[in-house]
């Protein structure tokens, strides 16, 4: 019988876990105690709809997107940090882990797992995550807030009595929080992430240039904006290859990067508004801390060229990007599993 725990786990409970999972809408990462980060792959699976057989997972499945015959379906079992297809998520994780790691984990008498969940995850979303890991053989599952895990993973002093602000830039959403004394003081979730920015760029190219992009081309477009992509100091234009909407034939166009910046302004403004909401709900003493320390950006979408500069300009606060922003949450869970985080002792004082 599988046992689980949906409440906030203690560091002692996490130290007893054998592996940790960060199931994201874009990528899945698995940290195994003593072995480190063993899986970092896209959260994608390809299925033969005639037989139900799993054909590919991870990077190979992602490359198949938009290129498969009718009987092969490419699916994403995780959306917005929530498992939407438990069976497919289990099968995907099973294959991503591989035989060797699964054999190692099966040797544990009582296999314990930790999993990252979004800050505002409802009980149904938490249950879906738990059942996914139970299907892999976990007898107990501890749920860790993604915001806490990411803050630990990028080295923020979360256990100290000083404010730190974390911004997790995900594919489907952006999570923001102010942390102090190992807890979340105030938090907000903006339903805008890297996918919304991708969509805005795709719509702009379709309406302005009558060009459609292959599914794999949006990220290269963002990279083409270069290091100052979201600022006026970037390149004036860039060449984009796609398909003509009317004829379906290949065509190249010179795209004005200033127009691209305007196109993605709406989703980015929503993120800035979210920062304002968090700061308004924050005690004044902690806001004073943040004026010096600023915001730490983590998550894959934190790497959008010039995003940090835009936020710096909009908020007037220092903005930093973590050293490895895309894997911070998984590394944070790993640090907790390995016992590298010392809890702050708040013992009662004698009268």
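In full-length UniProt numbering, the protein residues as written are 1 to 351. By construction, the Cβ of each residue, glycine as well, lies at the ideal position given by its N, Cα and C atoms.
Item to complete: Would you decide whether residue 49 is buried or exposed? Buried here means 16 or more other CB atoms lie within 10 Å of its CB.
Response: In the chain shown, counting from the first residue as 1, residue 49 sits at position 49. It counts as exposed.
Worksheet item: Is it a yes or a no for the region 117-124 touching the region 184-201, going by three-plus beta-carbon pairs under 8 Å?
Response: These segments touch.
Worksheet item: For residue 112, which residues does DSSP report across the bridge?
Response: Here residue 112 refers to the residue found at position 112 when the chain shown is read from its first residue. The partner list for residue 112 (beta bridge, DSSP) reads 140.
Fill in: residue 60 versus residue 83: straight-line alpha-carbon distance, rounded
Numbered from its first residue, the chain shown carries residue 60 at position 60. Numbered from its first residue, the chain shown carries residue 83 at position 83. Using only the alpha carbons, I get a separation of about 21 Å.
Worksheet item: residue 297: which of 38, 37 and 308 sits nearest, CA to CA?
Response: Start at 1 with the first residue of the chain shown, and residue 297 comes out as number 297. Ranked by Cα distance from residue 297, the first of 38, 37 and 308 is 308.
Practice prompt. Determine the direct distance from the alpha carbon of residue 286 to that of residue 66, and round the result to whole angstroms.
Written response: Position 66 of the chain shown, counting from 1, holds the residue named residue 66. Position 286 of the chain shown, counting from 1, holds the residue named residue 286. Distance between the alpha carbons of residue 66 and residue 286: 48 Å.
Discussion item. Considering only the alpha carbon of each residue, which of 159, 104 and 78 lies closest to residue 137?
Written reply: Counting from 1 along the chain shown, the entry for residue 137 is found at position 137. Out of 159, 104 and 78, the CA that lies nearest to the CA of residue 137 is found in 104.
Discussion item. Give me, in chain order, the residues of the same chain whose beta-carbon lies closer than 8 Å to that of residue 340; leave out the 5 immediate sequence neighbours on both sides.
Written reply: In the chain shown, residue 340 corresponds to position 340, counting from 1. Excluding sequence neighbours, residue 340 sits near nothing in its chain.
Discussion item. Could you tell me the alpha carbon to alpha carbon distance between residue 125 and residue 23, rounded to whole angstroms?
Written reply: To locate residue 125, count along the chain shown from 1; it is residue 125. To locate residue 23, count along the chain shown from 1; it is residue 23. The C-alpha of residue 125 lies about 12 Å from the C-alpha of residue 23.
Worksheet item: Which residue or residues does DSSP assign as beta-bridge partners of residue 175?
Response: Counting from 1 along the chain shown, the entry for residue 175 is found at position 175. When DSSP reads this structure, residue 175 sits in a beta bridge with 168 and 189.
Item to complete: Identify which residue in 315, 299, 107 and 258 has its Cα closest to the Cα of residue 169.
Response: As a first step, residue 169 is located in the chain shown; it is residue number 169 there, counting from the start. Comparing Cα-Cα distances from residue 169 to each of 315, 299, 107 and 258, the minimum goes to 299.
Worksheet entry | Reference residue 52; option with closest CA among 330, 75 and 202 | Counting from one through the chain shown, the residue named residue 52 turns up at place 52. Comparing Cα-Cα distances from residue 52 to each of 330, 75 and 202, the minimum goes to 75.
Fill in: Beta carbon proximity, residue 127 to chain C, threshold 8 Å
No chain C appears in this structure, which consists of one protein chain only.
Practice prompt. Put residue 56 into one of helix, strand or coil per three-state DSSP.
Written response: Working through the chain shown from its first residue, we reach residue 56 at position 56. Correct three-state label for residue 56: strand.
Practice prompt. Grab the span of the alpha helix (DSSP H) containing residue 73 for me, first residue to last.
Written response: As a working note, residue 73 is residue 73 in the chain shown. Counting along the chain, residue 73 sits inside no alpha helix (DSSP H); it lies in the beta strand (DSSP E) bounded by residues 72-75.
Worksheet item: What's the C-alpha gap between residue 39 and residue 330?
Response: To locate residue 39, count along the chain shown from 1; it is residue 39. To locate residue 330, count along the chain shown from 1; it is residue 330. Distance between the alpha carbons of residue 39 and residue 330 is about 10 Å.
Fill in: Rounded straight-line distance, which links the Cα of residue 36 to that of residue 338
As a first step, residue 338 must be located in the chain shown, where it is residue number 338. As a first step, residue 36 must be located in the chain shown, where it is residue number 36. Taking the CA atoms as reference points, residue 338 sits about 10 Å from residue 36.
Discussion item. Cutting at 6 Å between CB atoms, please list the residues of its own chain near residue 352, excluding the five before and the five after it.
Written reply: This structure gives no information on residue 352, because the portion of the chain shown stretches from 1 to 351.
Worksheet item: Hey, how far is the Cα of residue 21 from the Cα of residue 11?
Response: Here residue 21 corresponds to residue number 21 of the chain shown, with the count starting at 1. Here residue 11 corresponds to residue number 11 of the chain shown, with the count starting at 1. Straight-line spacing of the CA atoms in residue 21 and residue 11 works out to 16 Å.
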